[in-house]
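Notes to accompany the following structure.
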Amino acid sequence: MKAHHGAFKAAGAFQAAARPLYAGAVCRQPRIGQAVAVAPDGSTHPTLAELAEGPYFILALLLDATTLCCADATCRLLRQLNRARIGPWRALGARVFHGLELEREGIFEQPASGLEPERGDVNCVGGRKLARIDWKGRFHHFRTDVPTFCAPFGGPEITTVAHPDEVAYFRCRLCTDILDEASAHGVYLEVEVLANPDNLSMAVVDFEAGGCSSVTFSPDTGAVIRERKVREAPRKVEGAYIQPLPTVPPGRRFHGLMGLYLHHGRLAFFRRCDGGTADDGQEQAHRGSGAREAAEDSRPQRGAATAAVPDLGPWETTGFISDLGWAEGRRLTPCLAFRDEGSYRVRVVCVGTQPPLPPERWSADNEGDAGWSGFDWEVGAPTIPEAAEAA
40 MKAHHGAFKA AGAFQAAARP LYAGAVCRQP RIGQAVAVAP DGSTHPTLAE LAEGPYFILA
100 LLLDATTLCC ADATCRLLRQ LNRARIGPWR ALGARVFHGL ELEREGIFEQ PASGLEPERG
160 DVNCVGGRKL ARIDWKGRFH HFRTDVPTFC APFGGPEITT VAHPDEVAYF RCRLCTDILD
220 EASAHGVYLE VEVLANPDNL SMAVVDFEAG GCSSVTFSPD TGAVIRERKV REAPRKVEGA
280 YIQPLPTVPP GRRFHGLMGL YLHHGRLAFF RRCDGGTADD GQEQAHRGSG AREAAEDSRP
340 QRGAATAAVP DLGPWETTGF ISDLGWAEGR RLTPCLAFRD EGSYRVRVVC VGTQPPLPPE
400 RWSADNEGDA GWSGFDWEVG APTIPEAAEA A
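Each residue of the sequence shown is one higher than the one before, counting from 40 in the numbering used here.
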């Protein structure tokens, strides 16, 4: 029993250290002095409330979203602590959505201006009124909207493309100023192609430069195209392309998985073809079992339709094929480009922090500008994927 009392005395040191932070974290602090249980022999025993001013915030960092929801349902005290400015919901969201931004919401930790505070939920710190953010609600909002497409598509899945050369933009944007050399991890986006009547590709566009620059990956040809619009009328585009991966077998359309990975200012693309690739002798690659919290939060369960698809081949990657020297802005918008209209079935299956292949296995490959071929074309010239395939 004495050992237990010593442990709780040590916890008091955490309380003292955390008081300056906790003072601005919740507007109504639990009354610690009244939250001590008195035993029949007159001795006092600390209660859960005594963890509120320090140790709890440290321990709660180990909890995932499901466990935090269970804690919220336990009692009002934990619910209040979890939604605090230094609480676990904010910490979890900052970790899961690191480097991602929603257009009207900003990044997770810095909401866009103009958001309304909750009713009667305003803090006063240093004589300044600060709106309390519902961090749990914000986490749910980001988890719902990040893996979806903008209008006119909406939602995480595309089934119909009405016009040729249609582009479906993700609602999330990649913050290159956050995903820099100091970032501990990157951002990985993955889509599954179940129905593809023609041709589609994955790209990132620099809209802060007027949408004039982009890097595109064609899963059919295995080519990566880097282009910049230099003149609007008559339209003129210049850039370069490289083909680090083989083309799919003749007469076949790409079906399977494709993704992009942005880490330390470098881009890599991934492809996993339905029924194998041009190099069927490669060893089958599997996703590691390490922590992929963001990916698990946004990856839907595979349904019967997906289970009926033939076996997928091994993962292939371009390696870190391009830096961000082509982008002038600090926000990149990922998108899917469809060459022709028709009935497609493409859905977002992962927005996470880790790619399907460990970076140490491929990050040294295909770096630099070696192997890139330049091009300069005006309206009426062949499309870039066709030019890459012909090369």
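From the three backbone atoms N, C-alpha and C, an ideal C-beta is built for every residue, glycine too.
Predicted model, so just to flag it, every value in this text is computed and none were measured.
Whole alpha helix (DSSP H) elements within the segment 99-142, 4-residue minimum: Complete alpha helix (DSSP H) runs here, min 4: 104-111, 115-121, 127-135.
A376 versus P236: straight-line alpha-carbon distance, rounded: Between the C-alpha atoms of A376 and P236 there is a straight-line separation of about 13 Å.
Can you grab the Cα-Cα spacing for the pair W354 / R291, in whole Å? Rounded to whole angstroms, W354 to R291 spans 18 Å at the Cα level.
Reference E231, options G391, P394, G413, V387, closest by Cα: Closest in C-alpha terms to E231, from the list G391, P394, G413, V387, comes V387.
Please classify Q393 as buried or exposed, where buried requires at least 16 other C-beta atoms within 10 Å of its C-beta. With 16 or more other Cβ atoms from the protein chains shown falling within 10 Å of its own Cβ, Q393 counts as buried.
N-terminal and C-terminal residue of the beta strand (DSSP E) that H302 is part of: Looking at the DSSP string, the run of the beta strand (DSSP E) that includes H302 is 295-302.
For F209, which option in C114, L371, Y383 has the closest C-alpha, if you only look at C-alpha atoms? The shortest C-alpha separation from F209 is found at L371.
Select from A307, W128, L296, D216 the residue whose C-alpha is nearest the C-alpha of L101. Selected option, being the one with the closest Cα: W128.
Would you call A366 buried or exposed, if buried means 16 or more other Cβ atoms sit within 10 Å of its Cβ? Buried, by the Cβ-count rule.
C-alpha distance - P395 paired with I172, whole-angstrom precision: One C-alpha to the other measures close to 34 Å.
Where do the N-terminal and C-terminal ends of the beta strand (DSSP E) with T183 fall, by residue? Segment 174-184 is the alpha helix (DSSP H) holding T183; no beta strand (DSSP E) there.
State buried or exposed for H137, treating a residue as buried only when at least 16 other CB atoms are found within 10 Å of its CB. So H137 ends up on the buried side.
How would you call A201, buried or exposed, if buried means at least 16 neighbouring beta carbons within 10 angstroms? With fewer than 16 other Cβ atoms within 10 Å, it is exposed.
Indicate the three-state DSSP secondary structure (helix, strand or coil) for V236 in the structure shown. Per the sequence presented here, residue 236 reads as Pro, with Val not at that position. Reduced to three states, the DSSP call for P236 is coil.
C218 vs F181 beta-carbon contact at 8 Å: A small correction: the amino acid at residue 218 is Leu; Cys does not occupy that position in the sequence shown. Pairing L218 with F181 gives a Cβ-Cβ distance that is not under 8 Å.
If you count every other CB in all the chains shown that lies within 10 Å of the CB of S252, and 16 or more means buried, which is it? When all chains shown are included, S252 counts as buried.
For the beta strand (DSSP E) containing C189, list its first residue and its last residue. According to the DSSP assignment, C189 belongs to no beta strand (DSSP E), since it is labelled neither H nor E.
Do you know whose CA, among I97, Y300, P203, lies nearest V254's CA? It is Y300 whose Cα lies nearest to the Cα of V254.
Note down the Cα distance separating F178 from T106, rounded to an integer number of angstroms. A direct Cα-Cα distance of roughly 14 Å separates F178 from T106.
Could you tell me the alpha carbon to alpha carbon distance between S361 and P285, rounded to whole angstroms? Near 18 Å, if we compare the C-alpha coordinates of P285 and S361.
Reference T187, options G410, F414, V385, closest by Cα: Comparing Cα positions, the closest option is V385.
Spatial neighbours of W411 in its chain, beta-carbon cut-off 6 Å, leaving aside the 5 residues before and after: Answer for W411: A279, I281, listed in chain order.
Close Cβ partners of A99 (< 6 Å) along its chain, the five nearest in sequence each way excluded: So the qualifying residues of the chain are P127.
Per-residue burial, P220 [other beta carbons within 10 Å of its own, 16 or more giving buried]: The amino acid at residue 220 is misidentified as Pro; the sequence shows Glu. Taking all protein chains shown into account, E220 has fewer than 16 neighbouring C-beta atoms within 10 Å of its C-beta and is therefore exposed.
Residue nearest to F96 in terms of C-alpha spacing, selected from A242, G314, R124, C114: When each option's Cα is compared against that of F96, the closest is R124.
Taking I146 as the reference, which of L213, A104, T199, F192 has the closest Cα? Ranking the options by Cα distance to I146, first place goes to L213.
What does DSSP give as the partner residue(s) for P150 in the beta ladder? Looking at the DSSP assignment, P150 forms a beta bridge with G145.
In the DSSP assignment, find the beta strand (DSSP E) that holds C312 and state where it starts and stops. Element bounds for C312: 305-312.
Only counting the same chain, and skipping five residues up and downstream in sequence, which positions put a Cβ closer than 7 Å to that of A207? Counting only Cβ-Cβ distances below 7 Å, and skipping sequence neighbours, we find F188, F192, I197, C374, L375.
What's the C-alpha gap between G261 and V390? Going from the Cα of G261 to the Cα of V390 covers about 22 Å.
Classify A307 as buried or exposed, calling it buried when 16 or more other Cβ atoms lie within 10 Å of its own Cβ. Counting Cβ neighbours within 10 Å, A307 comes out buried, since at least 16 surround it.
What separation, rounded to the nearest whole angstrom, lies between the Cα atoms of Y383 and T113? Spanning the two alpha carbons is a distance of roughly 45 Å.
Are P104 and L131 close, meaning C-beta to C-beta below 8 Å? The sequence given here has Ala at residue 104, not Pro. Remark: C-beta atoms of A104 and L131 approach each other more closely than 8 Å.
So V287 and C312 are in contact, right, with Cβ under 8 Å, and what is the actual spacing, rounded? That pair is a contact at about 6 Å.
Straight-line CA distance for L120 to S257? The alpha-carbon separation between L120 and S257 amounts to approximately 47 Å.
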